[in-house]
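Q:
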Amino acid sequence: MSLPSECTILVIGGGNAGFSAALRAAESGAKDVLIIDKCPEEWAGGNSYFTAGAYRTVHDGLEDLLPIVNNVDPATAEKIDMSPYTADDFMHDLIRITSGRSHPDLARILVRDSNETIKWLATQGVRFQLSFNRQAYEVDGRIKFWGGMSLKTEDGGKGLIQDYRRAAEKLGVSVHFSTAAKSLVMDPETGRITSVIVVHEGREREIKAKAVILAAGGFEANPRMRAQYLGPNWDMAMVRGTPYNTGECLEMAIRDVSAKQAGNWSGCHSVAWDANAPPNSGDREVSNQFTKSGYPLGIMVNREGERFVDEGADMRNFTYAIFGKAILHQPGHIAFQIWDSRMTPWLRQEEYRDEVVRRITAQTVPDLAHSCAEHGLQNKLKFEDTLKEYNRAVYEWRRENQSAKWDPAIKDGMSTQSSSGGINPPKSNWAQPIDLPPYLAVKVSCGITFTFGGLAVDPETAAVISSVTNAPIPGLYCAGEMLGGLFYDNYPGGSGLTAGAVFGRRAGHSAAAAAAAMA
């Protein structure tokens, strides 16, 4: 199919936000909805392809979600413990995790629209499941969901993009790859966006459109912009997802139409990532399995053998997006995650099995230190001392709290801080001794997922705001990672995909309405 020279709605970016916007625009009556993406088709899906497909949403409990999931039989449902996740819960988590900086109107809409948006996605053919492997533990015969998040897509990001592409074809939305947006064209009389200059098959083309939706992602795959905005060392971060999110569309909107900047430009989502993964892009087969999120079950030490974070500060959903940054700022930008045989059975197989990670094993702590030294550990004696001090602190706390019970599905309070002192940093929950061989260590680095800085929008319509007029730019909308103002320093796990769909849906509806008004 040849690239058209005009369309009704032009969406730039083919990930979760872009497809949500395009589907909603077509569903709202817009004809000739076109998605362009600068990546080749073999890289389709943007960062969304590399996610675990987790969506955070308000819900009334298990009965509210069962109609849209496909992996729960009646017998399993009887064993599930899942508390409702209310709008107040979601808002509390969002405000708490972003230190109160999330734009109040954006936050309100994200929370309020989350349940309706998830159910709308299900009607579009997105296959949802309960996330047993990532968000539940079986304790005392009960399957306990934790951390406020329960949903994922079948086959994660891969399945999500497959479902979106099927839905787009059904609604007549066309998708063109290897087509990069270069500049926005604005009518000088009306201030309306009238077209986009793109590069396709090596030459410039103009695509006229009645409305344009920006959904091309952040700048996480651009080492220059990472160092410029995030700060020192960030050019050394490993790219967790697509190599094509390099920030040109953000710069284009700011340069061409004076789009107003918003949000936390020095902030990002970054995780503990396999240090042996490809450095500059994700692997489309292994995908999210390079994430190493088992740290709450053990400890992390840097190459000097020292702990540097409280691994049990909060549920994993609320710490995993900031611990990548903590690892990046350690010597050599690496760390080692460590467990003994008590905890290794609780590690997720998709992240820690032999096929996807280089496992460092030993029968004694000195031997484990020696093996880690072959992978970059520089202070073996400190490594051994750290484990001794940690174990001593765990046993001191347990002597004072003999009735306490370890429970990975709640913040159980099992700590390293007793009346006789403790260690710094503490481990505030799930502290178990590491003294029962065999031992396991895994080398990790920082994997950057997405950046938080973006463009200011009207929260109701997702229209991009002008920095000159402080009013919406006619015909220009924004969603996904390009939208700024929601996340600061951290984010509640699963809220990124939900936000992309919530504001993509609003952008698509608003763009279709604006196009219809021009008819």
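Start counting at 1 in the sequence shown, then tack on 112, and there's your number in our numbering. Glycine included, every Cβ here is placed at the ideal spot set by N, Cα and C. Bear in mind that the values here come from a model prediction, so they are computed numbers and not experimental data.
Out of curiosity, what's the CA-to-CA distance linking residue 199 and residue 446?
A: Within the model, the alpha-carbon separation for residue 199 versus residue 446 is close to 38 Å.
Q: My assumption, with CB atoms under 8 Å, is that residue 494 sits in contact with residue 418. Please give the rounded CB distance.
A: Rounded, the Cβ-Cβ distance is 6 Å, consistent with contact.
Q: Would you kindly check if the distance between the Cβ of residue 149 and the Cβ of residue 288 is under 9 Å?
A: yes
Q: Short of 7 Å in beta carbon distance, which residues of its chain neighbour residue 521, apart from the five on each side in sequence? Order them along the chain.
A: Cβ within range, chain order: 249, 251, 256, 258.
Q: Report the rounded CA-to-CA distance for residue 381 versus residue 432, giving the unit in angstroms.
A: 9 Å
Q: Inspect the beta-carbon positions of residue 376 and residue 600 and report whether they are closer than 9 Å.
A: yes
Q: Going by DSSP, what residues sit across from residue 292 in a beta bridge?
A: 311
Q: Whole alpha helix (DSSP H) runs in the region 388-465 with 4 or more residues, listed along the chain?
A: The DSSP assignment places 432-440, 461-464 as complete runs of the alpha helix (DSSP H) inside the region 388-465, in order along the chain (cut-off: 4 residues).
Q: When the Cα atoms are used, what is the spatial distance from residue 553 to residue 403?
A: In this structure, the straight-line span from the alpha carbon of residue 553 to that of residue 403 is close to 15 Å.
Q: Quick test of your reading: residue 261 and residue 168, contact by CB under 8 Å. State the CB separation rounded to the nearest angstrom.
A: 5 Å
Q: Applying the 10 Å Cβ sphere with the 16-neighbour rule, what's the burial state of residue 183?
A: Counting Cβ neighbours within 10 Å, residue 183 comes out exposed, since fewer than 16 surround it.
Q: Let me know if residue 498 comes out buried or exposed under the rule of 16 or more other beta-carbons within 10 Å of its beta-carbon.
A: The residue in question, residue 498, is buried, as its Cβ has 16 or more Cβ neighbours within 10 Å.
Q: Could you pull out every residue in the same chain whose Cβ sits closer than 7 Å to the Cβ of residue 216, ignoring the five residues on either side in sequence?
A: none
Q: Is residue 448 closer than 9 Å to residue 539 when the C-beta atoms are compared?
A: Result no, Cβ atoms of residue 539 and residue 448 do not sit closer than 9 Å.
Q: Might you give, ordered along the chain, the residues of its own chain that have their beta carbon closer than 6 Å to the beta carbon of residue 137, omitting 5 neighbours on each side?
A: 121, 145, 620, 623, 624
Q: In whole angstroms, give me the CA-to-CA distance for residue 542 and residue 519.
A: 7 Å
Q: Considering only C-alpha positions, which residue in the set 464, 264, 274, 358 is nearest to residue 131?
A: 274
Q: Across which residues does DSSP place residue 473 in a beta bridge pair?
A: DSSP output for residue 473 lists 552 as bridge partner(s).
Q: Determine the direct distance from the alpha carbon of residue 562 to that of residue 602, and round the result to whole angstroms.
A: 11 Å
Q: So, is residue 437 buried or exposed, given that buried needs 16 or more other C-beta atoms within 10 angstroms?
A: buried
Q: For residue 159 and residue 151, I'd like the C-alpha separation in whole angstroms.
A: 12 Å
Q: Quick one: using the 10 Å Cβ neighbour count with 16 as the cut-off for buried, is residue 300 buried or exposed?
A: exposed
Q: Which residues does DSSP list as the beta-bridge partners of residue 298?
A: 305
Q: Helix or strand or just coil, what does DSSP make of residue 558?
A: Assigned with DSSP and collapsed to three states, residue 558 falls in strand.
Q: If you draw a straight line from the alpha carbon of residue 400 to that of residue 386, how long is it in whole angstroms?
A: Distance from the CA atom of residue 400 to the CA atom of residue 386, rounded to whole angstroms, is 10 Å.
Q: Taking the straight line between their C-alpha atoms, what separation do you get for residue 187 and residue 177?
A: Taking the straight line from one Cα to the other gives about 16 Å.
Q: Which word fits residue 414, buried or exposed, when buried means at least 16 other C-beta atoms lie within 10 angstroms of its C-beta?
A: buried
Q: For the beta strand (DSSP E) containing residue 382, list its first residue and its last residue.
A: 380-386
Q: At 4 residues or longer, and completely inside the region 219-249: list those alpha helix (DSSP H) runs for me, N to C.
A: 244-247
Q: Could you have a look at residue 194 and say whether DSSP puts it in helix, strand or coil?
A: coil
Q: DSSP three-state call for residue 167: helix, strand or coil?
A: strand
Q: If you drop the 5 nearest sequence neighbours on each side, which residues of the same chain put their C-beta closer than 7 Å to that of residue 535?
A: 501, 502, 505, 528
Q: How big is the Cα-Cα spacing for residue 142 and residue 226?
A: 24 Å
Q: If you draw a straight line from the alpha carbon of residue 239 to that of residue 492, how long is it in whole angstroms?
A: 48 Å
Q: Determine the extent of the beta strand (DSSP E) in which residue 119 is found, giving its start and end residues.
A: 118-124
Q: Kindly indicate the opening and closing residues of the alpha helix (DSSP H) around residue 361.
A: 360-369
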